[in-house]
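Working notes, structure below.
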Amino acid sequence: MPPLMTLLASVLLLFGAALLFVAAIGLIRMPDLFLRMSATSKGSSLGAGCVLGAVAVSAGDLGTAARALAGVVFLLATAPVAAHMIGRAGYLSGAPLWEGTQCDELHGHYNALTGTLEGLPGVEPAHTPGAAES
Amino acid sequence: MSLAGIALGVAMPLGLVSLLLALARLVYGPTLADRVVALDMIGVIAIALLAMYALATGQPAFVDVAIVVGLIGFLGTVAFARYVERR
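As given, the protein sequences belong to chains A and B, one line each in that order. Heads up: the first sequence at position 74 corresponds to 74 in this note's numbering, and the numbers run straight through without jumps. Heads up: the second sequence at position 51 corresponds to 1051 in this note's numbering, and the numbers run straight through without jumps.
Listed below in structure tokens is the structure:
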């Protein structure tokens, strides 16, 4: 392997591992479910993506590099979806917010019985089963 | 010792410490959603550790294992999130 590619793979590997470590520290230190999620979903996906990129750079053949890059694409496509679903589920199940939270725009607008938003300007009332059609 | 060997020797313990920190959040997480976040993080760290192991051993089959672990971890996270929401 050429020395420049070895250097690039080592730098990518160290950067990815450092990002994973920072994301893990954020997971421990952040005071709130949503702050923890914002630390882990960005930091860990980019960190693991960099490590897979190091594999792709230092791979000998094209097939291994293509598989590692496919793993990067899959990781970057699924991490925001997973984070969105966990955040939505955490908010709707009543996870406590940090006491320093400045703004909670959904506060008081979510009806837990029907599962709809109400009282927000610009939001149409959602169609609920059993409601009369007009 | 080569440069790639030194980088692997630094990166793999860092990944292991990150795994232990995420495990601590999985054990002490106050709510169920915190535990799901920690589990998602553990899955991503497992992907990174498998990729590092593929580099260390020179076996490209571990890259396939990393992709499969990522797929299963995503499905598990989505299923857990639906469960937390519907509970």
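Built from N, CA and C at the ideal position, the CB exists for glycine as well.
Compare the beta carbon distance of A:L20 and A:A48 with 8 Å and say whether it is the shorter of the two. yes
From what residue to what residue does the alpha helix (DSSP H) around A:P3 run? P3 to R29
Where A:T101 sits in the DSSP three-state scheme: coil
For A:E133, which residues from the same chain have a beta carbon less than 8 Å from its beta carbon, with the 5 sequence-adjacent residues on both sides left out? Note that A:E133 has pLDDT 45, beneath the 50 cutoff, so the model's placement of it is unreliable and no number is given.
If contacts are defined as beta-carbon pairs under 8 Å, then B:M1052 and B:A1022 qualify, I think. What distance do you get, rounded to the angstrom? With a Cβ gap of about 16 Å, B:M1052 and B:A1022 do not count as contacting.
Could you tell me the distance, in whole angstroms, from the CA atom of A:V57 to the CA atom of A:P2? 11 Å
Partners in chain B for A:A73, counting only beta-carbon separations shorter than 7 Å: The residue asked about is misnamed: residue 73 of chain A is Val in this sequence, not Ala. Here the premise fails: no neighbours, minimum Cβ distance about 10 Å.
Do we get a CB-CB distance below 8 Å when we pair B:I1047 with the residues of chain A? yes
Per the DSSP calculation, A:T116 is bridged to which residue(s)? A:N111
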